[in-house]
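Each remark here refers to the structure printed beneath this line.
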Amino acid sequence: MLTTTRQARILQSLRADGQVTVEELAVEFGVSPSTVRRDLNALSAEGLLRRVRGGGGIEPDRVPFAEVATHQSTQKTAIAARAATLVRDGDVVLIDIGTTTALLARQLRGRRITVITSSLAVVDALRDDDAVELIVLGGVVRKNYSSMVGVLTEQALAQIRATVCFLGTSGIRADGTISDTTGTEVPVKLAMIASSQRTVVLADATKFPGVGLLSVCGASAISAIVTEDHADPATLAVLRTAKVEVMFS
């Protein structure tokens, strides 16, 4: 069984039962407890669950944005700094939701640019910056993850044209597919891609393959990715074959 498939099944079990143990999952999937623990750690790092004390069980929990932001923070900051160098004065920059994209917003403070976003974390980072023209997309507020989603968000995106879009992701599959875990976020991401001249994905090494269960787009839909130099080389090779520019933090 593929890692991504097993992790999807773990989340399904959690939604159905509320709590499971490492031992139960190991028996169910026919793998070692250490393999299950690696899966749980990956899902926990993505904010999709929280480990129960002692490591013997897990519980489903939409971990708050502030808590997810603490995972891989040094790596995410470096990726955000590299991504900021791709922005030129005068650009119209579309910024997706996510912890790495929120860090990018901080890197863009003081720049003579226009930022359009559905991320309340990005709004918080730029709301008092006199240099940045900030445009906030409407929609339903997804409070736990500081984002806006829904038809109003998608309709607003259809009216704009950005120079560059910085996209977050839950995972990048071996075939280069960009994925996500939340169904309400996928249409917004697709609208962002369609509204931008260029799309750059921000993803630390843990996003290879990550835990995204839903496909957002194939590699051909993106222009570049900013990641770490130890990200999965096979997947990076697939991206390069698809003419995606690979940049390291």
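Residue numbers for the sequence shown follow numbering that gives the first Met the number 0, so the first one is 0 and each next one is one higher.
We put the beta carbon where it would ideally sit given N, CA and C, even for glycine.
Residue i, enclosing beta strand (DSSP E) - first and last residue
i, result
"R160", "Where R160 is concerned, there is no enclosing beta strand (DSSP E), given that its DSSP letter is neither H nor E."
"A236", "Run containing A236: none in the beta strand (DSSP E); it sits in the alpha helix (DSSP H), 232-240."
"I134", "132-135"
"V140", "139-141"
"I94", "91-94"
"A0", "Correcting the residue identity first, residue 0 is Met in this sequence and not Ala. Element bounds for M0: n/a, residue is neither H nor E."
7 Å Cβ cutoff met for residue i and residue j
i, j, result
"L201", "A82", "yes"
"G211", "S178", "yes"
"T152", "S195", "no"
"L93", "I112", "no"
"S219", "A241", "yes"
"G170", "V237", "no"
"D203", "Q106", "no"
"S248", "A124", "no"
"A120", "S145", "yes"
"R108", "D128", "yes"
Beta-carbon contacts of residue i that lie in its chain and below 6 Å, excluding the five residues immediately before and after
i, result
"A190", "E153, L156"
"T226", "A202"
"A7", "L212"
"L235", "V245"
"A141", "The question names Ala, but residue 141 is Arg in the sequence shown. Correct list, in chain order: V148."
Residue i, enclosing alpha helix (DSSP H) - first and last residue
i, result
"T226", "Unbroken run through T226 is the beta strand (DSSP E), 223-226; no alpha helix (DSSP H)."
"V122", "119-125"
"T73", "72-83"
"R110", "Careful: R110 lies outside any alpha helix (DSSP H) and carries neither H nor E."
"V21", "21-28"
Contacting residues, own chain, Cβ-Cβ under 7 Å from residue i (five flanking each side not counted)
i, result
"R110", "V86, D88, A130, V131"
"V135", "T116, V122"
Inset, instruction - Go through the region 144-216 residue by residue and report every complete run of the beta strand (DSSP E) that reaches 3 residues or more, in order. - result: Counting only runs of 3 or more, we get 146-148, 163-166, 177-179, 198-201, 213-216.
Legend entry - Inter-stretch contact (C-beta, 8 Å, three-pair minimum) for the region 98-105 and the region 161-176: Yes, the region 98-105 is in contact with the region 161-176.
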